[in-house]
Structure formats: structure tokens, C-alpha cells
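Colleague: Attaching a single structure in C-alpha cells format; questions to follow.
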Amino acid sequence: MTDFFIKLLEVCPTTQDVCKLTRLSWSTVNSIMVSAVERGMLRRTTDSIDYLRIDEKSSQKGHSYVTILADIASFQVLDLVKERKLTAAQDLIEILSPKQRQSVKAVAMDMWLAFMRAARQYVPQAAIMHDKFHVSKYLRDAVITVRKQEHRRLSQQGASPFTGSKCVWLKI
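Everything in the sequence shown is counted per numbering that gives the first Met the number 0, starting at 0 for the first residue and increasing by one.
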């Protein structure tokens with residue numbers, strides 16, 4: 000059952016989202032997460048790591064985050080820190096041995112620049128991969144911005160073909 004909650008914590012943006020889905024209190028869900036991290040820390044090895052994941056989770060109500068470093072292949076949390084900034088990402092990758100850092104082939108992350116900088120600095124040979132959710136959100140936001148700009152520009156010249164088409168563009 001704990002594995003189910005861990006999967007929910009991985010896919011949900013915040014701990015609060017897991018609470019809503021499971022109807023459990025925040026402290027219960029948080030204690031499940033803390034226990035899972037502790038178990039993962041005990042299982043850590045010095046073996047090579049091919050694929051890393053660096054991600055942030057909302058750790059408390061509000062905007063308090065933890066940054067998590069995980070081995071994708073073994074589903075193990077390697078470490079976490081209680082902040083979301085460049086130095087946190089750097090500190091996490093630094094916990095890996097030089098051998099482990101050299102073995103990393105790719106790092107999965109959202110499109111946050113600090114995560115990309117840390118990966119380029121400490122595992123420059125690794126490809127940076129972004130999940131399709133973040134890529135599609137980024138592209139959708141770009142389409143919306145361009146649609147608004149063009150609608151304004153064309154409206155000033157007369158009638159805009161974008162009038163009444165907002166819903167069509169949002170479905171892309």
C-alpha cells in the first residue's frame with residue numbers, strides 16, 4: 000500500500016493533492032513520504048547510476064519545497080534537501096561519487112533553469128530530459144501568448160480571425 004502512496008507523491012505536484020485524492024491528513028501523507036525517503040536512504044549503494052531524476056515537491060502547506068534526487072532505474076530516492084534553488088540542486092548532485100557522476104547518461108527534470116544548470120555543471124555528459132507534461136505546458140503557454148499578440152494586432156487593423164477562437168487554441 001505504501002508503494003501506491005509513493006507513486007501518487009511522484010505524480011502529484013503537491014502533497015496536498017495526494018491528501019485530496021486519498022482523503023488522508025497532510026501529516027499522514029507527509030509521514031509516509033518521510034518513511035519512504037528514510038528506507039531509500041538505507042538502500043543506497045555506490046553502484047553506477049545511469050538515469051537520475053531531480054524534482055521538487057511542496058513539503059508543507061504554502062510554498063515550502065524539498066528538492067529530491069532519485070535513481071530512475073531503481074526507484075530509489077538518493078537524497079533530498081529542504082529548499083528549491085540552484086545550490087540545493089548542486090548539493091544533491093555532489094553527494095554522488097565521481098564514478099557515479101561519470102556514469103550518468105541522462106537527468107530527468109522539469110524545465111526549471113536551476114536544475115538544468117546544476118546538471119550541466121556536475122554531469123555535463125548527461126542528456127537533459129523533460130517530461131511531456133512540462134513541455135506541453137510550455138508550448139501551450141507560448142501558443143496562448145502568440146495568439147493574444149496576434150489578436151490584438153489584427154483587431155487594431157480591423158477584424159481579427161482569432162475572435163471567438165480562444166477555446167480552439169486552448170485545446171491544442
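Backbone N, C-alpha and C define an ideal beta-carbon position, used for all residues, glycine too. None of these values were measured; they are calculated from a predicted model.
Take every Cβ of the segment 124-138, pair it with every Cβ of the segment 149-157, and state whether three or more of those distances are shorter than 8 Å.
Modeller: No, the segment 124-138 does not touch the segment 149-157.
Colleague: Go through the segment 93-153 residue by residue and report every complete run of the beta strand (DSSP E) that reaches 3 residues or more, in order.
Modeller: 105-108 and 126-129, all fully within the segment 93-153.
Colleague: Tell me the DSSP bridge mates of S57?
Modeller: Locating residue 57 in the sequence shown gives position 58, counting from the first residue. According to DSSP, which records beta bridges pairwise, S57 is partnered with T13 and Y64.
Colleague: Output the boundary residues of the beta strand (DSSP E) element that contains L77.
Modeller: Locating residue 77 in the sequence shown gives position 78, counting from the first residue. Unbroken beta strand (DSSP E) run through L77: Q75 to V80.
Colleague: By how many angstroms is the C-alpha of F3 removed from the C-alpha of A118?
Modeller: Taking the first residue of the sequence shown as 1, we reach residue 118 at position 119. Taking the first residue of the sequence shown as 1, we reach residue 3 at position 4. So the two alpha carbons sit approximately 29 Å from each other.
Colleague: Quick one, are the C-beta atoms of V122 and I92 less than 8 Å apart?
Modeller: If you number the sequence shown from 1, residue 122 lands on position 123. If you number the sequence shown from 1, residue 92 lands on position 93. For V122 and I92, yes; Cβs fall inside 8 Å.
Colleague: Ordered along the chain, which non-local residues of its own chain (more than five positions away) have a Cβ less than 7 Å from that of R42?
Modeller: For the purposes of this step, residue 42 is identified with residue 43 of the sequence shown, where counting begins at 1. Hits under 7 Å: Q75.
Colleague: Reducing DSSP to helix, strand and coil, say where L23 ends up.
Modeller: Mapped onto the sequence shown, residue 23 falls at position 24. Here L23 sits in coil by DSSP.
Colleague: According to DSSP, is A69 helix, strand or coil?
Modeller: Indexing the sequence shown from 1 puts residue 69 at position 70. Three-state DSSP puts A69 in a strand.
Colleague: Is R83 helix, strand or coil when you go by DSSP?
Modeller: Here the question's residue 83 lines up with position 84 in the sequence shown. In this structure, R83 counts as coil in the three-state DSSP scheme.
Colleague: Tell me the DSSP secondary structure of R52 in three-state form.
Modeller: Your numbering for residue 52 matches position 53 in the sequence shown. If DSSP states are grouped into helix, strand and coil, R52 belongs with the strands.
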